[in-house]
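Since the structure comes first, as structure tokens, the remarks are kept for the end.
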Ligand SMILES: [Zn+2]
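Residue numbers (this note's numbering): 14 to 345.
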């Protein structure tokens, strides 16, 4: 499931490739035909991400709200300009590791940080994972324009040179500016939207008065925006915190530490396109971790494997019907 970093990357992709241009909009699948008809021919004005929600503004105060949910993804085709914050000075795609070393982009074997497809993994992405040199490769072998529709495309936004296809979202609807404000008002702070100090205060004051387990509070989008299953498990491990601890029993210092960790991890996630949650890796370990999900997490997806710190078997349990991974020894 796409977590907050993916949605921010999608918004930046829209900002670079769609905003400022007039779009042709259609719903090849038909389920968003009326909405697409309203968007068709309008200029895109602004792209904004808050947590897991993306808002795209069009002329005349028409807004599109998209929530990818568990299975949604955007696929981009044609000319795709990368966000400058993730491109290095020499124009090639680059990434910075936690030590500040500039490294060439390493693409994940499962397509998690693909430039042309952001969201839930799907089979059509296998080809992307074979790309090794970064930008443009996908565009060069697309002979047909516009690209043929593949699968259930809810919404296609098309400029002269770029195509964005949305498949499988939980929400795709038009909103008025007031409705957008209402939606955003219900969301907890997002480190890339809200002032960090204000965000930290909001998050801390809510968590510290709730009897709810911290493992649930981190996933509650009204408490904090953008954290999903992977970041939740990893952040709790990094804080050595038992997921069942009621929010109000977590110390003020630890809650603030969680917020600051989220600020840090989200920034890394947006830059690399991956949920990199391990620090201080040497270049070789970093490269391996970027290429394979199994090498970049402390506890996520490691049920039964020995904890990287203490060797205890990582536990998998269901918490509010989502999988939770944690080390019962390190996170007492
Ligand atoms: Zn452990």
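We put the beta carbon where it would ideally sit given N, CA and C, even for glycine.
Integer Cβ distance of residue i from residue j, believed to fall under 8 Å
i           : j           : result
residue 60  : residue 27  : 4 Å
residue 79  : residue 15  : So it is not a contact: roughly 11 Å between Cβ atoms.
residue 228 : residue 332 : 5 Å
residue 259 : residue 237 : No, residue 259 and residue 237 are not in contact; Cβ-Cβ is about 16 Å, not under 8 Å.
residue 170 : residue 185 : So it is not a contact: roughly 11 Å between Cβ atoms.
residue 174 : residue 92  : 4 Å
residue 234 : residue 64  : 6 Å
residue 315 : residue 291 : Not a contact, Cβ separation roughly 12 Å.
For residue i, the nearest candidate out of the options (CA to CA)
i           : options               : result
residue 36  : 25, 57 and 230        : 57
residue 122 : 287, 255, 293 and 39  : 287
residue 249 : 239, 274, 235 and 225 : 274
residue 95  : 225, 127, 257 and 231 : 127
residue 345 : 174, 253, 291 and 195 : 253
residue 342 : 322, 334, 178 and 335 : 322
residue 279 : 240, 309, 315 and 212 : 240
residue 311 : 339, 63, 25 and 179   : 339
residue 52  : 66, 232, 81 and 34    : 34
residue 207 : 264, 276 and 157      : 276
residue 284 : 232, 125 and 324      : 125
residue 87  : 75, 47, 74 and 25     : 25
residue 199 : 39, 336 and 66        : 66
residue 38  : 62, 231, 29 and 77    : 77
residue 231 : 337, 81, 197 and 296  : 337
residue 224 : 197, 262, 210 and 195 : 262
residue 306 : 293, 296, 295 and 289 : 289
residue 74  : 158, 194, 29 and 157  : 194
Residue i beta carbon near ligand 1 (any heavy atom closer than 6 Å)
i           : result
residue 325 : yes
residue 322 : yes
residue 176 : no
residue 255 : no
residue 342 : yes
Spatial neighbours of residue i in its chain, beta-carbon cut-off 6 Å, leaving aside the 5 residues before and after
i           : result
residue 216 : 202, 237 and 272
residue 145 : Confidence is the limiting factor: at residue 145 the pLDDT is only 33, short of 50, which leaves the residue's position unreliable, though a coordinate-based value still follows. Hits under 6 Å: none found.
residue 264 : none
residue 335 : 242
residue 62  : 20, 21 and 24
residue 282 : 18 and 288
Contacting residues, own chain, Cβ-Cβ under 7 Å from residue i (five flanking each side not counted)
i           : result
residue 317 : 326 and 327
residue 160 : 90 and 176
residue 204 : 212, 275, 276 and 279
Beta-carbon proximity list for residue i, same chain, < 8 Å, skipping 5 on both sides
i           : result
residue 85  : 15, 79, 132, 133, 179, 180, 181, 182 and 183
residue 226 : 256, 257, 258, 259, 260 and 332
residue 304 : 119, 120, 121 and 122
residue 31  : 57, 60, 69, 170, 172, 175 and 177
residue 319 : 325, 326 and 327
residue 329 : 316, 317, 336, 337 and 338
beta-carbon residue i near ligand 2 non-hydrogen atom, thresh 6 Å
i          : result
residue 91 : Only ligand 1 can be found as ligands here, which leaves ligand 2 out of the picture.
So does the region 294-303 actually touch the region 244-251, counting three or more Cβ pairs closer than 8 Å? no
Does the structure place the region 34-52 close enough to the region 15-26 that three or more beta carbon pairs sit under 8 Å? no
Touch check for the region 214-221 and the region 263-276: three-plus C-beta pairs under 8 Å? yes
Counting pairs of Cβ atoms below 8 Å between the region 171-190 and the region 60-76, do you hit three or more? yes
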